[in-house]
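One structure below.
Structural data, given as structure tokens:
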């Protein structure tokens, strides 16, 4: 979030820097835990059709984000897009608040998915763990994260460097091994009558696509740093598109590597398919080594996520759209400790659900107010002649429609429990906003 009265950020990030920041947020433990979930949605390698649908939706939405980010290159990303697109004095106030509100749910859920995934790979070393033991360990990981981040940001940066190097080594080892050992007959062993295209097939494909889009979360990250990007009209669109294409190559390579060695029937039931893959190729020692690396990679991912999300309530409080109590810094260590505790404890609670429940709830919380709403914001901004647009979505409005309808298809494929969760979070958020707005005399209780 940006402030017109605050100090101006220096524009220093080029295309390479911006793309690497995006990809660092996108590549993590995701494919090591989500591939079995994708396979299970349709029961076979034909579930990877969800990759085609997911990449298409992500690319189209990426073009929408690219135009918005180039037109409004200020720190804040979607928050700024919604505020300016819907009107900063009217509906934009509500939409910006709802975006922050959903992050209070989506952020902890995303962190919890990493907590759960980390513990799944601990089973490589402790296979006797019971379901309840894994839940408590996942919650304990969340508590340990809070403790680790309860310190100055300079110390955090040193920890991050080693964790991200571990992530790159892990991903690279799996992809190289996959290229050398890939068996196409095993990978494309599609069961009979796989492509039925009936209601159940379409619902399964939608849930599979939700899992794929979960792996792409973060392609919009550069827009949150829009105030620090050089030549944003050129840099932001390229960084968004390059990062989506780059992560597609990495994650699809990982996904195919797994089922090119481990039969899909076994892979979709495995909680640690990456370690199982290495065990089949090199033996038990390799499975344990990779399991350890993935645990470290998972910690890197959730470490970065909690670091980032813990700043959101703090920044929103400073911007006047969230409770001011969360705008405080630790008296001696100078970090937003109240905001960190809020997001961290939310992640601990979410760690008691299953991985698939957490991912579907995360997507349900995000789709309407982030992905769908920013498409509408683009349409509204295009009607304003005062907004410069150094980059325009090619073939507009087709990509915007694909993004809008694609994400709606995924949303209504999640199941009524998760659809209800997504709608309920927005309804409660709207009531909270209206209550606070009435007390403070903000829109809609005063004329804009």
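In our numbering, the protein residues as written are 1008 to 1455.
All C-beta atoms, glycine included, are put in the ideal place defined by N, C-alpha and C.
(request) Return the chain-ordered list of same chain residues with a C-beta closer than 6 Å to the C-beta of residue 1337, the five sequence neighbours on each side being excluded. (result) Sequence-distant Cβ neighbours of residue 1337 in its own chain, meaning closer than 6 Å and more than five residues away, are 1344.
(request) Determine the DSSP secondary structure at residue 1014, reduced to helix, strand or coil. (result) The pLDDT assigned to residue 1014 is 47, lower than 50, so where the model puts this residue is not dependable; a value taken from the coordinates is nonetheless given after this. Residue 1014 falls in the coil class under three-state DSSP.
(message) On the DSSP letters alone, give me the boundaries of the alpha helix (DSSP H) that residue 1192 sits inside.
(response) That run of the alpha helix (DSSP H) goes 1191–1194.
(request) May I ask whether a heavy atom of the ligand GDP can be found less than 8 Å away from the beta carbon of residue 1061? (result) Absence of the ligand GDP is noted for the structure shown, with no ligands found whatsoever.
(message) Is it buried or exposed, residue 1460, if we count other Cβ atoms within 10 angstroms and call 16 or more buried?
(response) Lying outside 1008 to 1455, the shown extent of the chain, residue 1460 is not represented and no answer is given.
(message) Using the Cβ count rule (16 or more neighbours within 10 Å means buried), how would you classify residue 1436?
(response) Around the beta-carbon of residue 1436, 16 or more other beta-carbon atoms lie within 10 Å, marking it buried.
(request) Thinking residue 1078 and residue 1395 are a contact (beta carbons under 8 Å), I'd like their distance in whole angstroms, please. (result) Contact check for residue 1078 and residue 1395: beta-carbon distance about 6 Å, within the 8 Å limit, so the pair qualifies.
(request) Apply the 10 Å Cβ neighbour rule to residue 1255 and answer buried if 16 or more other Cβ atoms are within range, or exposed otherwise. (result) With 16 or more Cβ atoms within 10 Å of its Cβ, residue 1255 is classed as buried.
(request) Decide if the stretch 1054–1072 is in contact with the stretch 1277–1285; the criterion is three or more beta carbon pairs, one per stretch, under 8 Å apart. (result) The stretch 1054–1072 vs the stretch 1277–1285: no contact.
(request) State yes or no: is the C-beta of residue 1184 within less than 9 Å of the C-beta of residue 1289? (result) Cβ distance < 9 Å, so residue 1184 and residue 1289 count as in contact.
(message) Distance check for residue 1211 and residue 1053, CA to CA, integer angstroms please.
(response) Taking the Cα positions, residue 1053 is about 11 Å away from residue 1211.
(request) Mark residue 1452 as exposed unless 16 or more other C-beta atoms lie within 10 angstroms of its C-beta, in which case mark it buried. (result) With fewer than 16 Cβ atoms within 10 Å of its Cβ, residue 1452 is classed as exposed.
(request) Specify the secondary structure class of residue 1197 as computed by DSSP and reduced to three states. (result) In the three-state scheme derived from DSSP, where H, G and I count as helix and E and B as strand, residue 1197 is classed as coil.
(request) Please classify residue 1010: is it buried, with 16 or more other beta-carbons within 10 angstroms of its beta-carbon, or exposed? (result) Bear in mind that the predicted position of residue 1010 carries a pLDDT of just 47, short of 50, making it unreliable; the figure below should be weighed with that in mind. By the neighbour-count rule (16 or more Cβ atoms within 10 Å), residue 1010 is not buried but exposed.
(request) Work out the CA separation of residue 1047 and residue 1380 for me, nearest whole Å. (result) Those two C-alpha atoms are separated by around 30 Å.
(request) Use the C-beta contact count for residue 1228: other C-beta atoms within 10 angstroms, 16 or more gives buried, fewer gives exposed. (result) By the neighbour-count rule (16 or more Cβ atoms within 10 Å), residue 1228 is buried.
(message) Taking the alpha-carbon of residue 1441 as reference, which of 1100, 1243, 1045 has the nearest alpha-carbon?
(response) The shortest CA-to-CA distance from residue 1441 to any of 1100, 1243, 1045 is the one to 1100.
(request) Would you mind sorting residue 1190 into buried or exposed? The rule is 16 or more other CB atoms within 10 Å of its CB. (result) Burial call: exposed.
(request) Report yes if the C-beta distance between residue 1156 and residue 1411 is below 9 Å; otherwise report no. (result) Going by C-beta atoms, residue 1156 is not nearer than 9 Å to residue 1411.
(message) Measuring straight from C-alpha to C-alpha, what distance separates residue 1012 and residue 1028?
(response) Below a pLDDT of 50, predicted positions are generally treated as unreliable, and residue 1012, at 48, falls in that range; the measurement from the model is reported next regardless. So the two alpha carbons sit approximately 27 Å from each other.
(message) If contacts are defined as beta-carbon pairs under 8 Å, then residue 1140 and residue 1376 qualify, I think. What distance do you get, rounded to the angstrom?
(response) Residue 1140 to residue 1376, Cβ: 36 Å. No contact.
(message) Assuming contact is defined by CB atoms lying nearer than 9 Å, are residue 1130 and residue 1359 in contact in what I supplied?
(response) No. Outside cutoff.
(message) If I measure Cβ to Cβ from residue 979 and keep anything under 6 Å in the same chain, skipping five residues before and after, which residues do I get?
(response) In this structure the chain extends from 1008 to 1455, so residue 979 is not present and cannot be described.
(request) Would you give the residue range spanned by the alpha helix (DSSP H) that residue 1058 belongs to? (result) Membership of residue 1058 in the alpha helix (DSSP H) is indicated by the continuous run 1056–1078.
(message) Just to confirm the assignment: which complete alpha helix (DSSP H) runs, minimum length 4, are found wholly within the stretch 1320–1349?
(response) Here no run is fully enclosed.
(request) Taking residue 1142 as part of the alpha helix (DSSP H), name the residues at either end of that continuous run. (result) Per DSSP, residue 1142 belongs to the alpha helix (DSSP H) from 1138–1156.
(request) Can you have a look at residue 1036 and say buried or exposed, based on whether 16 or more other CB atoms are within 10 angstroms of its CB? (result) Here residue 1036 is buried, its C-beta having at least 16 other C-beta atoms within 10 Å.
(request) Name the two residues that bound the continuous alpha helix (DSSP H) containing residue 1205. (result) In this chain, residue 1205 is not harboured by any alpha helix (DSSP H), its DSSP state being neither H nor E.
(request) Let me know the secondary structure DSSP gives residue 1236 once reduced to three states. (result) Three-state DSSP puts residue 1236 in a strand.
(message) Less than 9 Å between the C-beta atoms of residue 1241 and residue 1403, yes or no?
(response) It is not a contact, given that the beta carbons lie outside the stated cut-off.
(request) Can you grab the Cα-Cα spacing for the pair residue 1352 / residue 1203, in whole Å? (result) When rounded, the distance between both Cα atoms is 43 Å.
(message) Taking the straight line between their C-alpha atoms, what separation do you get for residue 1074 and residue 1239?
(response) Going by the C-alpha atoms only, they are around 10 Å apart.
(message) According to DSSP, residue 1020 sits in a beta bridge with which residue or residues?
(response) Beta-bridge pairing links residue 1020 to 1236.
(request) Check each candidate in 1049, 1188, 1300, 1103 and name the one with the smallest Cα separation from residue 1287. (result) Among 1049, 1188, 1300, 1103, the Cα nearest to that of residue 1287 is on 1188.
(message) DSSP three-state label for residue 1416, please.
(response) In the three-state reduction of the DSSP assignment, residue 1416 falls in the helix class, which pools H, G and I.
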